[in-house]
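S.K.:
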Amino acid sequence: MAEIKVDVKGQTCPVPLVECRKALRKAAAGDIVEIEGTHPTSKKEIPMAVKALGYKIISIDEEGNTWKIKICKV
Amino acid sequence: MEDKNMQSLDNSKKNKATIIVHSGDMDKIYSALIVGNGALSMGMEVSLYFTFWGLQRLKKGGLDKGPLSKMHMFGLGKMMIKKRMNKANVASLDKMITDFKELGGKILACDMTMEIMGVKPEDLRQDLIDDYCAVGTYIQEAMESSMTLFI
């Protein structure tokens, strides 16, 4: 199981969502995608997309302006 | 594996967006591509139908050549908005359309517009276009869609 890191710090709508989807498409089943960004709304919307896609959120962390979301492609 | 997931979603509800891109204004091309990419990112299928002024944006080198829909002011308004977009780190239309295709979005060109405006396939970004079609294709796809927009 691979862990794929995606850095979208400083990027705005719709880039965080799009890059998250691109990474999930490339991931194999069981892989973890870790996405790190600063766009505030994406912290709320990436979990919406993950739910719609039927994948699993492992964790959501925030430190200062930066958030980190871990997703498992189940 | 992913396709299997998508299929199970498809069965529960119509999971497709079809968007008519009638305007060639820069800000509206942004709207169409942002909505399209957002929908693809959330697992929907998306078709963009480029017609009339929108089709002009599929000409080679024409994607970001449209005016602003308001306050264009002979290009001054567009220049100011572009500057502010750069500052806010907004992605270019070129990146957005490349992402759109990478995520499996479909681009369709209206063949009647091509005839009226004397546009030949070789004038257009054929690398982006999936098909040339008319209203019947749009209606058929719209019937299968839960979301359809006219921009």
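From first to last, the protein sequence lines stand for chains Z and P. Residue 408 is where the first sequence starts when you use the numbering used here, and the numbers rise one by one after that. Residue 2 is where the second sequence starts when you use the numbering used here, and the numbers rise one by one after that. No residue lacks a Cβ here, since even glycine has one placed at the ideal position from N, Cα and C.
1) For a contact defined as C-beta to C-beta under 8 Å, what are the partners of Met27 (chain P) on chain Z?
2) Under the assumption that Gly25 (chain P) contacts Gln57 (chain P) (Cβ atoms under 8 Å), give the Cβ distance between them as a whole number of angstroms.
3) Terminal residues of the continuous alpha helix (DSSP H) containing Gly39 (chain P)?
4) Please tell me whether Ile152 (chain P) has its Cβ less than 7 Å away from any Cβ of chain Z.
5) Using a Cβ-Cβ distance cut-off of 7 Å, determine whether Gly417 (chain Z) contacts chain P.
6) Which of helix, strand or coil does DSSP assign to Met72 (chain P)?
7) If you reduce the DSSP assignment to three classes, tell me which class Asp95 (chain P) lands in.
8) Tell me, please, which residues DSSP counts as bridged to Met148 (chain P).
9) Under the three-state reduction of DSSP, which class applies to Asp414 (chain Z): helix, strand or coil?
10) Any beta carbon of chain P sitting closer than 7 Å to that of Pro447 (chain Z)?
11) Measure from the alpha carbon of Met408 (chain Z) to the alpha carbon of each residue in Z:Ile439, Z:Lys429, Z:Pro454, then state which is nearest.
12) Going by DSSP in three states, Val508 (chain Z) sits in which element: helix, strand or coil?
13) Among all the DSSP beta bridges, which residues are the ones paired with Leu49 (chain P)?
14) Can a CB atom of chain Z be found closer than 7 Å to the CB of Ala92 (chain P)?
15) Take Asn472 (chain Z) and list the residues in its own chain whose beta-carbon comes closer than 6 Å to its own, dropping the five residues that flank it on each side.
16) Taking Thr52 (chain P) and Glu142 (chain P) to be in contact with their CB atoms under 8 Å, please state how far apart those CB atoms are, rounded to whole angstroms.
17) Does Gln418 (chain Z) pass the burial test, meaning 16 or more other C-beta atoms within 10 Å, or should it be called exposed?
18) Between the C-alpha atoms of Leu10 (chain P) and Asn16 (chain P), what's the straight-line distance to the nearest angstrom?
19) To which residues of the same chain is Ser146 (chain P) closer than 7 Å at the C-beta, ignoring the five residues directly before and after it?
20) Could you spell out where the beta strand (DSSP E) holding Gly444 (chain Z) opens and where it closes?
M.R.: So, from the data block:
1) As a working mapping, residue 27 (chain P) is identified with position 26 in the second sequence. Those do not exist, as Met27 (chain P) stays about 16 Å from chain Z at its closest Cβ, beyond 8 Å.
2) Residue numbering aside, residue 25 (chain P) sits at position 24 when the second sequence is read from its first letter. Residue numbering aside, residue 57 (chain P) sits at position 56 when the second sequence is read from its first letter. About 5 Å separates the two Cβ atoms, so the contact holds.
3) Position 38 of the second sequence, counted from the first residue, corresponds to residue 39 (chain P). Note, Gly39 (chain P): alpha helix (DSSP H), 27-42.
4) Sequence index remark: in the second sequence, residue 152 (chain P) carries index 151 (1-based). No, Ile152 (chain P) does not count as interfacial toward chain Z.
5) Numbered from its first residue, the first sequence carries residue 417 (chain Z) at position 10. It does: the Cβ of Gly417 (chain Z) has a partner Cβ on chain P nearer than 7 Å.
6) On the second sequence, position 71 is the one that residue 72 (chain P) refers to. Three-state DSSP puts Met72 (chain P) in coil, outside helix and strand.
7) In the second sequence, residue 95 (chain P) corresponds to position 94, counting from 1. Reduced to three states, the DSSP call for Asp95 (chain P) is helix.
8) The sequence position of residue 148 (chain P) within the second sequence is 147, counting from 1. DSSP lists P:Ala18 as partners of Met148 (chain P).
9) In the first sequence, counting from the first residue as 1, residue 414 (chain Z) sits at position 7. If DSSP states are grouped into helix, strand and coil, Asp414 (chain Z) belongs with the strands.
10) Within the first sequence, the letter at position 40 stands for residue 447 (chain Z). No, because no Cβ of chain P sits closer than 7 Å to the Cβ of Pro447 (chain Z).
11) Mapped onto the first sequence, residue 408 (chain Z) falls at position 1. Of the listed residues, the one whose Cα sits closest to Met408 (chain Z) is Z:Ile439.
12) With chain Z covering 408 to 481 only, the question about residue 508 (chain Z) has no answer from this structure.
13) For the purposes of this step, residue 49 (chain P) is taken as the residue at position 48 of the second sequence. Beta-bridge pairing links Leu49 (chain P) to P:Ile20, P:Ile108.
14) Indexing the second sequence from 1 puts residue 92 (chain P) at position 91. By this cut-off, Ala92 (chain P) is an interface position.
15) Translated into positions along the first sequence, residue 472 (chain Z) becomes position 65. Thr445, listed in sequence order.
16) The residue labelled residue 52 (chain P) in the question sits at position 51 within the second sequence. The residue labelled residue 142 (chain P) in the question sits at position 141 within the second sequence. With 8 Å as the limit, Thr52 (chain P) and Glu142 (chain P) do not qualify as a contact, their Cβ atoms being about 14 Å apart.
17) Counted from its first residue, the first sequence places residue 418 (chain Z) at position 11. Gln418 (chain Z) should be labelled buried.
18) As a working note, residue 10 (chain P) is residue 9 in the second sequence. As a working note, residue 16 (chain P) is residue 15 in the second sequence. Bear in mind that a pLDDT of 48 at Leu10 (chain P), under 50, signals an unreliable position, so the number given afterwards is only what the model happens to contain. Rounded to whole angstroms, Leu10 (chain P) to Asn16 (chain P) spans 7 Å at the Cα level.
19) Here residue 146 (chain P) is taken as the residue at index 145 of the second sequence, counted from 1. Excluding positions up to five away in sequence, the list reads Lys15, Lys17, Ala18, Thr19.
20) Against the first sequence, residue 444 (chain Z) aligns to sequence position 37. Going by DSSP, Gly444 (chain Z) is part of the beta strand (DSSP E) stretching over 439-444.
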